[in-house]
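Below is one structure, written out as structure tokens; comments come after it.
Dropping the structure here:
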């Protein structure tokens, strides 16, 4: 298994509060991704990174920001959580090949 | 507009029989296709892939077929086992506009009955 961890694994938060999810990898892979998975929608790309301090928006980036100050860490921040951001969030990594390897996921509930 | 479509939300198959999962795409620039398997409460795991220069790729019980003219690919699992019960996602990418990012279908839930 690729060395990818996500924290926290579960979180319940209130509407309007800031939330940060962390993805940590031990593979030294250049590319990192954040997805959300919702029933009826599959996996949708939120943001991705192609190197330290290099990030870009994905399909569903509104309401989310990211930061990558180290190769191994990719942070996803919800500045002011909304109920529509209740979802399961997955981090993925790749060394540049087409196959991406996913972390175990974070289940976020916004009440 | 969905670029990758998995039109069957679910599929039920008897153990030992063949499972066929289908995927259609609309973007003719896609040149690489992947299948992922996902168990509940786990992340998706890479299963098998195929480049657009091929029409078949095989790995053990899993075979992916690509029909470029029909913009269609399928995953065959033979023989199906109860442990194959999971959600299967089809994904596609191109090296051009999407920078190799993956576009996923909505998934098909496979149930293999003993």
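Chains as they are written, first to last, in this note's numbering: chain A, 119 to 229; chain B, 2 to 115.
A virtual CB, placed ideally from N, CA and C, is assigned to each residue, including glycine.
Measuring only between beta-carbons, confirm whether residue 217(A) sits less than 8 Å from chain B.
Here the question's residue 217(A) lines up with position 99 in the first chain. It does: the Cβ of residue 217(A) has a partner Cβ on chain B nearer than 8 Å.
Does the separation of the CB atoms of residue 50(B) and residue 26(B) fall below 8 Å?
Position 49 of the second chain, counted from the first residue, corresponds to residue 50(B). Position 25 of the second chain, counted from the first residue, corresponds to residue 26(B). No, Cβ-Cβ distance for residue 50(B) and residue 26(B) is not below 8 Å.
List the endpoints of the continuous beta strand (DSSP E) containing residue 66(B).
Residue mapping note: residue 66(B) aligns to position 65 of the second chain, counting from 1. Note, residue 66(B): beta strand (DSSP E), 63–68.
Taking only beta carbons into account, state which residues of the segment 36–61 of chain B come closer than 9 Å to chain A, listed in chain order.
37, 39, 42, 43, 44, 45, 46, 47, 50 and 52
Among 186(A), 213(A), 149(A) and 159(A), which has the Cα closest to the Cα of residue 10(B)?
Here the question's residue 10(B) lines up with position 9 in the second chain. Closest option to residue 10(B), Cα to Cα, is 159(A).
Within chain A, partners of residue 103(B) - CB distance below 7 Å:
Residue mapping note: residue 103(B) aligns to position 102 of the second chain, counting from 1. By Cβ distance, chain A contributes 218.
For residue 2(B), verify whether its CB is less than 7 Å away from any heavy atom of the ligand GTP.
Absence of the ligand GTP from the depicted structure is noted, as is the absence of any ligand whatsoever, leaving it without description.
Pairing CB atoms from the segment 139–159 of chain A with CB atoms from the segment 205–219 of chain A, are three or more of them under 8 Å?
yes
Just tell me which of 201(A), 184(A) and 199(A) has its CA closest to the CA of residue 167(A).
Position 49 of the first chain, counted from the first residue, corresponds to residue 167(A). Per the Cα distances, 184(A).
Which of the three DSSP states, helix, strand or coil, is assigned to residue 85(B)?
As a working note, residue 85(B) is residue 84 in the second chain. Helix.
Name the chain B residues whose beta carbon is nearer than 7 Å to that of residue 222(A)?
Within the first chain, the letter at position 104 stands for residue 222(A). Residues of chain B passing the Cβ test: 43 and 44.
Could you give the first and the last residue of the continuous beta strand (DSSP E) run that contains residue 150(A)?
Numbered from its first residue, the first chain carries residue 150(A) at position 32. It spans 149–156 - the beta strand (DSSP E) in which residue 150(A) sits, taken as one unbroken run.
Indicate whether at least one CB of chain A lies closer than 8 Å to the CB of residue 94(B).
For the purposes of this step, residue 94(B) is taken as the residue at position 93 of the second chain. Closer than 8 Å: yes.
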